[in-house]
Every structure is written in structure tokens, then in C-alpha cells.
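Protein chains in written order, with the numbering used here: chain A, 401 to 633; chain B, 158 to 448.
Below you'll find the structure, written out as C-alpha cells, and then a few comments.
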Amino acid sequence: MLDVSGLRAGYGGVEVLRGLDLSVAEGEILAVLGANGVGKTTLNKVLSGVLPASSGEIRFCGETITRASAAHIVAAGLIQVPEGRKIFPDLSVRENLILGSYRRGKPDRARNLEHVLDVFPRLRERLAQMGGTLSGGEQQMLAIGRGMMAEPKLLILDEPSLGLSPLLVEEMYALIRRLNTEGLSIMLVEQNVVQSLEIAARAMILENGACALSGPASDLAANPELKRAYLGM
Amino acid sequence: MNYPPAIIAEAMVNGLLTGSVYALVALGLTLVYGVLHIINFAHGALLTCAMFAVWALVTFTGISPYAAILPLALAFFAGGYVLQRYLIGPASHGDDSNILLVTLGLSIAIENALLAAFHADTRNLEGDFGFQVIELGPMLISRPKLIGFAAAVAVAGLLWLLLARTDTGRAIRAVAKEKLGARLMGIEVGHIYGVTFGIGCACLAVAACLLMPSFYVNPRVGNAFVLVAFTIVVLGGMGSVAGALLGGLFIGMVESLGGLLLGDSLGQLGIFVIFILVLLFRPTGLFGARA
Ligand SMILES: Nc1ncnc2c1ncn2[C@@H]1O[C@H](COP(=O)(O)OP(=O)(O)OP(=O)(O)O)[C@@H](O)[C@H]1O
Ligand SMILES: [Mg+2]
């Protein structure tokens, strides 16, 4: 459903993505892994249309969205839960969720809200609380819930486990798996190699702004080179 | 210095009424500041523009200034939207300090255009608006000011509804604090900026309709109001809508009581003393401003 080929992008004169290819198939979890600063977040920004690509092509559900506006990309169903959550600090939890359906999913807003609150009971208890006063873990739930309100066809999660306690990380991965079994396609961008490979169907390793290694997650998990480079084994 | 209580009460009520229109001017300023994070230097010139528009409409078509509220507010909303989205926004290339310069340039251009068109003359609305008073117990209250108060409260209420209850309002508040998050939800920041600026201009249009019956217009008149409005915005906390409302009422009262106790020409002195005291001791504002 998402096909990226030869993607190049960067900031000013500095190129970060140097000819990247990747694809996400309908209904799968693709894990995009890589060390700090290789350009994972940059890739997400380009996919969501908030940073322009300098060359290459992005196709989503049969439509070329390489130069599309962020609003158009959201309307098409490609939704990103960004690094650092980026929730609205002085809007209530309810309003944060409601704004998730600003561009897409409005007709079923009430039903989707109920669904999100069933998935995250902790948010239900805090509907009137300001987003900015939530704990880090709650903010991450809010960010994902806000993304779900847009009825994503493909959900991009940028380091959802960042800053969570080990127990919450477990919970987060269980949740991602659950969303996926309910039919959602997910691109999971992570540094947490072990757990990401456990739940992903396929994975790719980013290095130097391009794909260094990709394939079924189980193959990558067994790859000796990967073990040495990323797992210190 | 012994004033009968009725006189003091009358001054306070009149101050509150005037203050409500100040609040409206401040509302536009604070909203634009809160969302776009810029001080709109063209605010005064745009208010002058709106007051001339009221004057022209009333003088040439004979409609009541109050009937001009709705059409003028809509026209100023549209004008403000276009101005921000297609002139100020693109001309600033996303750099806040450029926006400042663009609005400053805009205010100079508007003022000079008005000077060229209307010269430096001062104009009033024809009619006896200024002398219409209503007796409220022992107090004499100016009728245009009473209407102004009611209308200003209504506009503030509508604005609150818009900000609190509509998607556009929520998006305005969202963009104010988290632009990237908003874009990723499909909110077009440029559009929201335009709407916000448009609302600020619409507030000016309403304020102009409420002011003209008891005030005059010349090409510089807006600046005096904006100076007061700026004091209100600082007092209420930069970007705080509720603060602008309370601040407006408070400043109106200070001016009125100051005028009573110190004489008309010194009435505004109290405002600026407060301005300086607030800047010195409570730079985030008096009224529950969130940092
Ligand atoms: N706004 C920016 N302006 C200039 N350079 C940037 C900007 N954002 C990121 N970079 C640079 O681009 C490179 C890739 O950054 P990016 O945020 O995409 O990395 P990442 O893979 O997401 O890292 P992490 O795992 O730490 O989040 C880094 O060298 C970073 O310094
Ligand atoms: Mg990152």
C-alpha cells in the first residue's frame, strides 16, 4: 500500500535520505530500525508531507503523494504518530482526540472516540485533563489514540516506546500487535530492535540514509551481522 | 475630594461600558498574538480603516451604525483572511520577525492611504447619538455605550463558543501551541492563521461600529485605542482571551475613575502607570495567565 523508491531528502544542503526504497504491504507491520540520527524521523516527515523530498517517488494506495500537502496525505489515510508525541498541551484529552478526526473520520467521530477510550481506559478517566499535564506514557497513548481517530489506513509510529518504563513498553507492543490483528497496517519506526522484530512481519535497517538490510523479521533476527551491530552479541 | 457615591458609581459603570469596547480591540490583538506569536502592528491602522468604513457606510447609505455590524464584520473577516494568507504570510517566509516588519509596513501604507483619501480632518457621525442617555436610578448612562457593552459581550460570547466548541476553534488553539502536531492531523496552518487574523479584524470592525456613535475618526485615531489595547493585553496576559476581556473592563474603569479624580486629560495616565507596574512586577499578566 506504501511504495517508496529512490527517495532523497534533507535539510538545507545536507542530504539525510540518500536514495531510499521501502514498501509496506496491506495488513502488515514493517519495522524500520536504525541508530540515532540515521534519518528515521526525517523519512516520516517526508512521508507525511511536512518536509519536501528532493527526488524520488512515494506512492500510497495507488496515488502518488510525493508533492502532496500534509492535509491531503492525512485525508488519504496515511497517519503519523510523531516522535515526541506532539499532542496539544492546553487542549483537553477529549479535544486532542476530537482533533484527530479534523481532516478524516469525522462522520464516525463519536463511535471512534468510544473505541479509542475502550482501547485506552486510562484516557477515559482523564477526558477533561489538559493534554500537557498527562504523564509521558499517557501522552503516548493520547498520541496514538489521536492518530486512530483519523481512521488510518497506514499508521506510522515514530519510537512509541521512547521514554516508557519496561512494563509500559510491553503494554505498548501488545497494543501495536492488537491494532495490527484488527487489520491496521503499521510502519513501526524504532530503536528497540528485539521487541520490534518480534511483532513485525518484515523489517528494514536504515544506515547512511538508505536501506542497509531488509527482509522477513525472523530472518533479520537471526542475522549474525545484525546481532553484532545492534544487539552487541 | 468628596464625590457623591452616585457620581462615582456612574463613572464606574461608564468605565465598564467603554472598557468592553476596549476589550474587543484587545481581543483581536491578543488572539493574533497567541496563535501567530506576533504583535500585529497593523491593528491600529486596521481599526482606523474600520472606523472610516463605518463613517462612510452611515454617511452615504444612511443605515444605522449598528446595522453595519454584521456586513462589516464579515467583510473585515474576509479581508483579514486574505491579508494574512496571501500577503503577510507569504511575505514573511515563515520568519516571525519578518511578520512584524510586514505588519508595520502595512500600517504605514494604510495610514498614508487614509491620509491621502480623507486628509487629516476629524469626522463624526451625523445625529444625536452622543446625547442619548438612559436613566438608571440616580445614574445617567450613555445609550450608545450601553449598546456597545451588550454587543461586545455578545461578540465575546460568540468567540468563546467558536474557540471552545468548533473544530476550527480547537484547531486555532492547537496551532497556537503545537504546529507540527496540528499539521500531522491535517490541519492547514496557513488557513488557521488566516482565520485567526480574520477574526481579529472582525473584532475591530465590530468595535468600530460600537465606537463611532460616541467617537470621531481621523487617519490616526486607531493608534490611541491600540495603545490602550496593548496595555490590556499585557495586563491580561499575552494571548489570553479571558484576560483581554477582564483587562478591558478593568482598564475602562481605571480610565473613567482617573478622569473623574484627576481630570479628563489625565484619565489615561492611570492606564499607563498600571502598564508600567505590570511590566515591572507581573510581566505575565494579572489575570491567571498561563505561562
Ligand atoms: N530540522 C533539522 N535541520 C537540520 N538537520 C536536521 C533537522 N532535523 C534532523 N536533522 C539532522 O538529520 C539527521 C537525521 O535526523 P533524524 O531526526 O531523522 O534521525 P532519527 O533517525 O530519527 O534519530 P533518532 O533515533 O535519534 O530519533 C540528523 O543528523 C539530524 O541532526
Ligand atoms: Mg527520530
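We treat Cβ as the ideally placed atom computed from N, Cα and C, and that holds for glycine.
In this text, all values refer to a predicted model and were calculated from it rather than measured experimentally.
Along chain A, which residues have their Cβ under 8 Å away from the Cβ of residue i?
i              : result
I344 (chain B) : A471, L499, Y502, R503
Mind listing the chain B neighbours of residue i? Cutoff is C-beta to C-beta under 7 Å, in chain order.
i              : result
A475 (chain A) : G343
Q480 (chain A) : L341
Would you say residue i lies against chain A (beta-carbon separation less than 9 Å)?
i              : result
R280 (chain B) : no
A274 (chain B) : no
G338 (chain B) : yes
A446 (chain B) : Residue placement at A446 (chain B) cannot be trusted, given a pLDDT of 48 that sits under 50; what the coordinates show is reported in the next sentence. No, A446 (chain B) does not count as interfacial toward chain A.
T441 (chain B) : no
Quick one: list the residues of chain B neighbouring residue i, beta-carbon separation under 8 Å, in chain order.
i              : result
A550 (chain A) : M342, G343
R546 (chain A) : M342
Of all the CB atoms in chain B, is at least one closer than 9 Å to the CB of residue i?
i              : result
G413 (chain A) : no
E495 (chain A) : yes
I576 (chain A) : no
R511 (chain A) : no
R485 (chain A) : yes
Show which residues of chain A have a CB atom less than 9 Å away from the CB atom of residue i.
i              : result
K334 (chain B) : F488, P489, D490, L491, G532
D324 (chain B) : I498, L499, S501, Y502, K506
Which residues in chain A sit within 7 Å of residue i, going by Cβ to Cβ distance?
i              : result
A331 (chain B) : F488, L491, L499
A328 (chain B) : L499, Y502
Closest Cβ-Cβ distance between residue i and chain D: below 9 Å?
i              : result
I479 (chain A) : Protein chains A and B are contained in the structure displayed, whereas chain D is not.
Contact list for the stretch 445 to 464 of chain A against chain B, Cβ threshold 7 Å:
S448, V450
If you measure beta-carbon to beta-carbon, which residues of the stretch 214 to 242 of chain B are closer than 7 Å to chain A?
none
Segments of 4+ residues assigned as alpha helix (DSSP H) that fall wholly inside the stretch 521 to 593 of chain A:
521 to 524, 536 to 548, 566 to 581
Can you list every residue whose CB sits closer than 5 Å to some heavy atom of ligand 1, going in chain order?
A:Y411, A:V416, A:N436, A:G437, A:V438, A:G439, A:K440, A:T441, A:T442
Mind pulling the alpha helix (DSSP H) runs of 4 or more residues that sit fully within the stretch 375 to 413 of chain B?
378 to 393
Uninterrupted alpha helix (DSSP H) stretches inside the stretch 307 to 337 of chain B (no shorter than 4 residues):
If we require 4 residues or more, the alpha helix (DSSP H) runs fully inside the stretch 307 to 337 of chain B come out as 324 to 334.
What are the start and end residues of each continuous beta strand (DSSP E) run of 3 or more residues lying completely inside the stretch 218 to 246 of chain B, in chain order?
none
Counting only runs that start and end within the stretch 431 to 511 of chain A, where is the alpha helix (DSSP H) found for 4 or more residues in a row?
440 to 447, 470 to 476, 493 to 500
Which runs of the alpha helix (DSSP H) spanning at least 4 residues fall entirely within the stretch 593 to 623 of chain A, listed in chain order?
593 to 599, 617 to 622
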